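This report concerns only the one structure given below.
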Amino acid sequence: MNPRLYPLYATVAIFLLACLICYIQFPYMASTRVLGNLLTDNAYLGIAAVGMTIVILSGGIDLSVGSVIAFSGVFIAVLLRDTNLPTPVIFALLLAVTTGFGAAMGGLIHALAMPPFIVTLAGMFLARGAAYMLTIDSVPIDDPFYEMMRAYYLMPGKGRLTLIGVVMLLSFAVGMLIAHRTRFGASVYALGGGENTARLMGVKVGQTTVGIYAFSGFMAGLSGIVFSVYTGSGYPLATVGTELTAIAAVVIGGTLLTGGSGYVFGTFIGVMTMGLIQTYIVFDGTLSSWWTKIVIGGLLLLFIVLQKGLLRLTTVRFGGSAA
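Residues in the sequence shown are numbered consecutively from 72, following our numbering.
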């Protein structure tokens, strides 16, 4: 069995065990309504996590995601309030801005040989500041196109698979296709194994780095659109810390923080596991919401330890140092 699949197997096993525990205690949690709500409530996080997965697979990090999501909601709300532009045009403008923002960060990371942590940290403050420049207040979104998007749903039984839930599922499908079935995805994995190794494999490191962070910016912008549909407003203080939650979902999903190993499907299971924990706490009714953070922290620590063990096992198998 391939040792690189161990974290993914562990993720799936923990998720199935959590589902079993939830079903035994609260059988109604197996209903289509709960499933639909689980997808809807975690849609914006899942979409952001797709972009974060590609970044971490390359050995990088993107701390600007939460701020870009907040900026996106404010950008949409302000333009809908102050202009007569059609909503789809505003969406297109926003995605162009966030994609360009991500590409600019990727360009700086490559051109100046700067750590992604520093560049994206600066991007985090910049995007949050730009949101505050647009407005310091929460701006409600009252738009017929938004009402149409909220009204659309499908699912058998009494459940509701909303449009934003569908967008999240499609985002993961596209992410899996890009990561595992394209030349760009192969370059991402190669870059995660080391820049020098990637160059020897013929990877265009600069072009790939710009593409990785441009993709993350696009997904953050799309997540911002979904979040604005979910909340019906734009607020510059929204989604503080979402970038850390997305990183946690990626790691719990089995992707190595060092890059070069992981699966987008694992991130989906990671997002669903985190959402399932929150749903369980709501059903229980006696536990504080802070238990969500405690359990997620425990799972994150577990997977970091598992990753360290995986690195040691790989070293023993193929030789070298596990430092």
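Virtual Cβ for every residue (Gly too), placed ideally from N, Cα, C. Since the model is a prediction, treat every value here as computed from it, not as a measurement.
Query	Result
Roughly how many whole angstroms lie between the Cα atoms of Val276 and Gly177?	11 Å
Report, in whole angstroms, the separation of the C-beta atoms of Ala174 and Tyr284, which I expect to be a contact under 8 Å.	6 Å
Look at the alpha carbon of Ser299 and the alpha carbon of Gly356, and state the distance between them as a whole number of angstroms.	28 Å
Between which residues of its own chain and Leu370 is the CB-CB distance below 6 Å, once the five residues before and five after are set aside?	Ile323
Please state if the CB of Val139 and the CB of Tyr306 are separated by a distance shorter than 8 Å.	no
Check the C-beta distance from Asp214 over to Thr302 and give it rounded, since I have them as a contact under 8 Å.	Actually they are not in contact, since the Cβ atoms of Asp214 and Thr302 sit about 13 Å apart, beyond 8 Å.
Run through DSSP, which three-state label would Thr233 get?	strand
Are the CB atoms of Leu134 and Phe188 within a distance shorter than 8 Å?	yes
Specify the secondary structure class of Ile140 as computed by DSSP and reduced to three states.	helix
Assuming contact is defined by CB atoms lying nearer than 8 Å, are Leu164 and Ile212 in contact in what I supplied?	no
So, Gly337 versus Thr326, is the Cβ gap smaller than 8 Å?	yes
If you measure between the beta carbons of Gly117 and Thr233, is that distance less than 8 Å?	no
Inspect the beta-carbon positions of Gly346 and Asn113 and report whether they are closer than 8 Å.	yes
I'd like to confirm the pairing. Which residues does DSSP put opposite Pro211 in its beta bridges?	Ser304
Let me confirm a value: Ile318 is counted as buried when at least 16 other C-beta atoms fall within 10 Å, else exposed. Which label applies?	buried
Answer yes or no: do Leu377 and Pro98 have a C-beta to C-beta separation smaller than 8 Å?	no
So, Ala269 versus Ala119, is the Cβ gap smaller than 8 Å?	no
Less than 8 Å between the beta carbons of Ile375 and Thr363, yes or no?	no
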